[in-house]
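**Q**
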Amino acid sequence: YNAEQLKDILYARAEKAFNGSTLGDAVIPLCAALAASEHGDARRALDLLRVSGEIAERSGSRGVCEEHVRHAIEKLEVNRVAEVVKTLPLQSKIVLTSVLVLNRERSKRRFSSGEVYNMYRKLCNQLDMDALTQRRVTDFVSELDILGLVNAVIVSKGRYGRTKEISLSVPEECVQPVILEDYKLKAISSIRVRTQITL
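In this text, residue positions in the sequence shown follow the numbering used here: the first is 91, and each later residue adds one.
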């Protein structure tokens, strides 16, 4: 759907769900524009409107305004990330945790595939698990990149070859609690890495 079609859908639903005076003038056009800019998904637009209303109600506001829509975007993104992370296989979660730990341990935000693999091996050792090969871990990094959890870019090092530079592409606070829900990874909460920063 385009933004105009989404607005029509939202106005029709809003009549049933909201009192006419409770929605700010810009709320429906903003929800429609945001949903249209992503994939034109009507469910996304309806979710934005619904969550905006819930946020406004919880905050005791008399109506829904643009600020509530902005908060709804953040909340829906956190929920999306949580759902994706929950469904990951164990090894993918360990690879993602490796990037998370490096992100906290180091001042830089991009890490070579070798750095991620070394941290992955440390975590596997701490968890008393067999580590996969570097090639397989690189495959997991590519899958996490496709899911939008990390950003992996191939960088040329001149005569030293090429490497993938990997960075976390979602907020840490979206990832960590979900990872620690996995009973197999509970031990990670007590793992201390080189600079003594606890995950």
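Where is the CB? At the ideal position from N, CA and C, for every residue including glycine.
(1) Below 8 Å, can you find three or more Cβ-Cβ pairs linking the segment 170-183 to the segment 267-275?
(2) CB-CB under 6 Å to C264, same chain, minus the five flanking residues each way: which ones, in chain order?
(3) Determine the DSSP secondary structure at K106, reduced to helix, strand or coil.
(4) Does the Cβ of H158 have 16 or more other Cβ atoms within 10 Å, making it buried, or fewer, making it exposed?
(5) So N208 is in the alpha helix (DSSP H); what residue range does that whole segment cover?
(6) Have a look at S259 and V240 and give me their C-alpha separation to the nearest angstrom.
(7) At which residues does the alpha helix (DSSP H) containing L180 begin and terminate?
(8) Find the nearest neighbour of I145 within the set G130, H161, R133, judged by alpha-carbon distance.
(9) Whole angstroms is fine: what's the gap from A123's alpha carbon to G153's?
(10) Please determine, among D235, Y250, R249, the residue with the shortest C-alpha to C-alpha distance to V243.
(11) Between which two residues does the alpha helix (DSSP H) holding E120 run?
(12) Apply the 10 Å Cβ neighbour rule to G114 and answer buried if 16 or more other Cβ atoms are within range, or exposed otherwise.
(13) Taking S203 as the reference, give the member of L138, D229, R194, K254 with the closest Cα.
**A** With the given structure in hand:
(1) Yes, the segment 170-183 touches the segment 267-275.
(2) Excluding sequence positions up to five before and after C264, its CB lies within less than 6 Å of the CB of V168, V171, all in the same chain and listed in chain order.
(3) Of the three classes helix, strand and coil, the one that applies to K106 here is helix, per DSSP.
(4) Under this definition H158 is a buried residue.
(5) Residues 203-216.
(6) Spanning the two alpha carbons is a distance of roughly 5 Å.
(7) Its alpha helix (DSSP H) spans residues 180-195.
(8) Selection G130, H161, R133 evaluated against I145 yields H161 as nearest (Cα-Cα).
(9) Between the alpha carbons of A123 and G153 lies a gap of roughly 20 Å.
(10) Its Cα nearest to that of V243, the residue D235 stands out among D235, Y250, R249.
(11) Note that residue 120 corresponds to Leu in the displayed sequence, not to Glu. According to the DSSP assignment, L120 belongs to the alpha helix (DSSP H) that extends over 117-128.
(12) Per the 10 Å Cβ criterion, buried.
(13) Selected option, being the one with the closest Cα: K254.
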